[in-house]
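Visitor:
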Amino acid sequence: MLSFFFYGTLMDPDLQAVVLGGRLPEGVSAVLAGYRRRLVAGQDYPAIAPVKGSSVSGLLLDGVSPTMAARASQYEGPQYTATSLPVTAEDGTVRDAWAFLPMADIRLSARDWSLDAWQRRRKHLALKSASAYMAAIPTGALRRIQSDWISRLRDSRRA
Numbered sequence: 007m008l009s010f011f012f013y014g015t016l017m018d019p020d021l022q023a024v025v026l027g028g029r030l031p032e033g034v035s036a037v038l039a040g041y042r043r044r045l046v047a048g049q050d051y052p053a054i055a056p057v058k059g060s061s062v063s064g065l066l067l068d069g070v071s072p073t074m075a076a077r078a079s080q081y082e083g084p085q086y087t088a089t090s091l092p093v094t095a096e097d098g099t100v101r102d103a104w105a106f107l108p109m110a111d112i113r114l115s116a117r118d119w120s121l122d123a124w125q126r127r128r129k130h131l132a133l134k135s136a137s138a139y140m141a142a143i144p145t146g147a148l149r150r151i152q153s154d155w156i157s158r159l160r161d162s163r164r165a
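First residue of the sequence shown: 7, per the working numbering; consecutive thereafter.
Written out as structure tokens, the structure is:
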């Protein structure tokens with residue numbers, strides 16, 4: 007199983023269940039040092055960028071299967087890439103977890119992003135659109151991405 011650090015809309019348990027295809031045990035609070043969370047320019051969701059001395063709070067989620075990881079990758083889309091990064095869990099332990107980082111051409115606004123504000127303004131619309139989007143993903147596309155995650159899981163066990 008894989009560990010993920012979610013810092014945006016996937017911190018919301020309802021959206022997480024839609025995107026991942028089921029509920030996982032509740033995650034724990036965690037912090038990613040050296041990054042800042044901002045709104046993506048012209049959008050209502052965030053991305054993170056390296057900023058010395060900053061940190062991003064988020065959710066560390068264990069037990070993510072390769073199928074769930076494939077679904078999350080499809081949801082995030084080609085403008086994000088999964089990268090393994092060290093995060094500090096609420097108990098102080100540092101662990102590697104996958105996080106979706108924006109591609110270099112993604113422009114961030116100067117505004118910070120807030121989960122609470124997103125949940126009040128956009129969650130209901132996001133749940134509807136994510137449900138429709140996830141249901142329409144071709145099975146073959148998910149299988150290819152799942153295969154990539156299975157390889158990553160094998161590689162991490164060898165390391």
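In this text, a Cβ means the ideal position worked out from N, Cα and C, and glycines have one as well.
In this structure, does DSSP put LEU114 in helix, strand or coil?
Guide: Within the sequence shown, numbered from 1, the residue matching residue 114 stands at position 108. Residue state, collapsed to three classes: strand.
Visitor: Hey, out of ALA105, PRO56, SER71, MET17, whose CA is closest to LEU89's CA?
Guide: Along the sequence shown, read from residue 1 onward, the residue named residue 89 stands at position 83. The sequence shown places Thr at residue 89, not Leu. If we check each option's Cα against that of THR89, ALA105 comes out closest.
Visitor: Flag this pair as yes or no: are the beta carbons of SER9 and ALA75 separated by less than 7 Å?
Guide: For this step, residue 9 is matched to residue 3 along the sequence shown. For this step, residue 75 is matched to residue 69 along the sequence shown. The answer is no: Cβ separation not under 7 Å.
Visitor: In the DSSP assignment, find the alpha helix (DSSP H) that holds VAL46 and state where it starts and stops.
Guide: On the sequence shown, residue 46 is found 40 positions in, with the first residue counted as 1. Where VAL46 is concerned, there is no enclosing alpha helix (DSSP H), given that its DSSP letter is neither H nor E.
Visitor: For the putative contact between LEU30 and GLY69, defined by C-beta atoms under 8 Å, what is the C-beta separation to the nearest angstrom?
Guide: In the sequence shown, residue 30 corresponds to position 24, counting from 1. In the sequence shown, residue 69 corresponds to position 63, counting from 1. Confirmed, about 5 Å.
Visitor: Taking Cβ positions, are ALA53 and LEU114 nearer each other than 7 Å?
Guide: In the sequence shown, counting from the first residue as 1, residue 53 sits at position 47. In the sequence shown, counting from the first residue as 1, residue 114 sits at position 108. Result yes, Cβ atoms of ALA53 and LEU114 sit closer than 7 Å.
Visitor: Can you pull the DSSP bridge partners for TYR86?
Guide: Looking up residue 86 in the sequence shown gives position 80. Note: TYR86 sits in a beta bridge opposite PRO108.
Visitor: Taking GLN80 and ILE151 to be in contact with their CB atoms under 8 Å, please state how far apart those CB atoms are, rounded to whole angstroms.
Guide: If you number the sequence shown from 1, residue 80 lands on position 74. If you number the sequence shown from 1, residue 151 lands on position 145. That belief holds up - the Cβ atoms of GLN80 and ILE151 are roughly 6 Å apart, short of 8 Å.
Visitor: In terms of residues, what are the limits of the beta strand (DSSP E) holding SER60?
Guide: Residue numbering aside, residue 60 sits at position 54 when the sequence shown is read from its first letter. Unbroken beta strand (DSSP E) run through SER60: 52 to 70.
Visitor: Per DSSP, what are the beta-bridge partners of VAL25 in this structure?
Guide: Your numbering for residue 25 matches position 19 in the sequence shown. BP columns for VAL25 are empty, so no partner.
Visitor: Just to check my reading of the structure: GLY12 and LEU38 have Cβ atoms closer than 8 Å, yes? What is that Cβ distance to the nearest angstrom?
Guide: Position 6 of the sequence shown, counted from the first residue, corresponds to residue 12. Position 32 of the sequence shown, counted from the first residue, corresponds to residue 38. Here residue 12 turns out to be Phe, not Gly, going by the sequence shown. So it is not a contact: roughly 10 Å between Cβ atoms.
Visitor: Unbroken alpha helix (DSSP H) runs of length 4 or more, entirely within the stretch 114 to 151: which are they?
Guide: Those alpha helix (DSSP H) runs which fall completely within the stretch 114 to 151 and span 4+ residues are 121 to 127, 129 to 141.
Visitor: For GLN85 and THR99, what's the separation of their Cα atoms in angstroms?
Guide: The sequence position of residue 85 within the sequence shown is 79, counting from 1. The sequence position of residue 99 within the sequence shown is 93, counting from 1. Spanning the two alpha carbons is a distance of roughly 30 Å.
Visitor: State the beta-bridge partners of ALA95 as determined by DSSP.
Guide: Position 89 of the sequence shown, counting from 1, holds the residue named residue 95. DSSP, once it has assigned bridges, lists ALA36 as partnering ALA95.
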